Amino acid sequence: MATTPTRATENVAASGDPYYVFKDELESKVSSVHQKYVKWKSVFDAKDSVTMKELPALTTQITTAIASAEKSVKFLEQTIVMVEANRAKFEHIDNAEIASRKAFVSSTRMEILAVSSEVTSEEAKARIMKVEQKALKPLAPAPSSDPSRYENHNARFLAEETARQNDIMRDQDKNIDTLHKTVGRLNDVAVTINDEVKTQNGMLKDLSDEVDTAQEQMNFVMDKMSKLLKTKDKCQLGLIVFLSFVLAVMLFLVIYT
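Note that this note's numbering gives residue 1427 to position 212 of the sequence shown, counting from 1, and the numbers run on in steps of one.
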């Protein structure tokens, strides 16, 4: 099943080709499927009822493992599609390597399908249903047994099952309530952030308006002074304004100190 990468493709992961990362993961999952299948098959072929009790649980485990492996097959197939769609980026991967990868994906998919077909066959479903029905079926009372004993046993079983279902429903209600509260808190945070952003935007707009007003006033003063001094040199006008300001400060200090 496994293929060995050539020297030309040993470093493809470093160039953005994740094929071998997903391939290793897939091989590990397929190995897990085969291990579970061996145990499932031995239980399925067993004759004693004690061993057969394990069949439903093992079937659930192997179907879960198969579903996970099938997802990895799809991921691996997507890496091949990505390489084919970007041949310029992956020019070091030749057609032979792509064909080898496709063959690996195809053979692995067939392996998984073969196991899945047997585990989900009508014969397997019938066997599992029979085991489950037998597990739920109350024991028939012996001729000398008290019938009320078995009636009490059935009643207790139904009560316990009802209580278990109620516990599950309560847990689900708690989880939904917690999720609802979390969503509500997130909504409050979002509203607060939105209000804060609006406030900050308003402050920035006010500051921008004040700067524009001050700039207009400065331009007006500079224009008047340029007319008064008959010069348009901005440096000279700026120096005059600065010196005038310094003179005003010095006069203020002389008068009030």
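Idealized CB from N, CA, C, for every residue including glycine.
Note that the structure is predicted; figures quoted are calculated from it, not measured.
Can you tell me which of the options puts its alpha carbon nearest to the alpha carbon of residue i?
i       : options                            : result
ASN1310 : VAL1320, ILE1295, SER1322, SER1321 : ILE1295
MET1267 : MET1344, ASN1390, SER1331          : MET1344
THR1278 : ASP1410, LYS1389, VAL1265, HIS1249 : HIS1249
VAL1245 : LEU1270, ALA1280, GLU1376          : ALA1280
LYS1289 : ASN1390, ASP1232, THR1323          : THR1323
Quick one: Cα of residue i to Cα of residue j, how far?
i       : j       : result
THR1473 : ALA1282 : The structure shown has nothing for residue 1473, since the chain only spans 1216 to 1472.
ARG1371 : ALA1378 : 10 Å
HIS1307 : ARG1316 : 14 Å
GLN1430 : THR1407 : 34 Å
VAL1426 : GLY1417 : 14 Å
ILE1384 : LYS1396 : Correcting the residue type first, residue 1384 is Met in the shown sequence and not Ile. Cα-Cα distance, rounded: 18 Å.
LYS1256 : GLN1348 : 20 Å
THR1219 : ASP1388 : Residue confidence is low: THR1219 scores 44 on pLDDT, short of 50, so the model does not pin down where it sits. No coordinate-derived value is stated.
PHE1460 : LEU1466 : 10 Å
CYS1450 : LEU1462 : 18 Å
ASP1424 : GLN1415 : 14 Å
PRO1356 : ASN1369 : Because the pLDDT of PRO1356 is 48, which lies under 50, any placement of that residue in the model is unreliable, and the number read from its coordinates should be weighed accordingly. Those two C-alpha atoms are separated by around 12 Å.
SER1264 : VAL1258 : 10 Å
ASN1301 : LYS1413 : 45 Å
ALA1261 : ASN1367 : 33 Å
GLU1375 : ASP1386 : 17 Å
THR1335 : LYS1254 : 16 Å
LEU1419 : ASN1390 : 43 Å
LEU1454 : LEU1422 : 26 Å
ASP1392 : LEU1373 : 28 Å
ALA1479 : GLN1380 : With the chain covering 1216 to 1472 only, the question about residue 1479 has no answer from this structure.
SER1165 : GLU1337 : This structure cannot speak to residue 1165, because the chain is shown only from 1216 to 1472.
GLU1411 : LEU1468 : 44 Å
SER1321 : ASP1382 : 45 Å
MET1325 : ALA1303 : 31 Å
PHE1457 : ASN1434 : 14 Å
VAL1190 : THR1428 : In the structure displayed, the chain extends from 1216 to 1472; residue 1190 sits before or after that span and is not available.
GLN1293 : SER1247 : 22 Å
Do the CB positions of residue i and residue j come within less than 9 Å of each other?
i       : j       : result
SER1298 : TYR1252 : Per the sequence shown, the amino acid found at residue 1298 is Val instead of Ser. No, the pair does not count as a contact, with Cβ atoms beyond the cut-off.
ALA1341 : GLU1333 : no
ILE1327 : ALA1284 : yes
SER1287 : PHE1237 : yes
ASP1232 : PHE1305 : yes
Could you check how far apart the C-beta atoms of residue i and residue j are, in whole angstroms? I think they sit under 8 Å.
i       : j       : result
LEU1241 : LEU1273 : Incorrect: roughly 22 Å between the Cβ atoms, too far for contact.
VAL1330 : LEU1270 : In fact, because the Cβ distance is near 15 Å, the residues do not count as touching under 8 Å.
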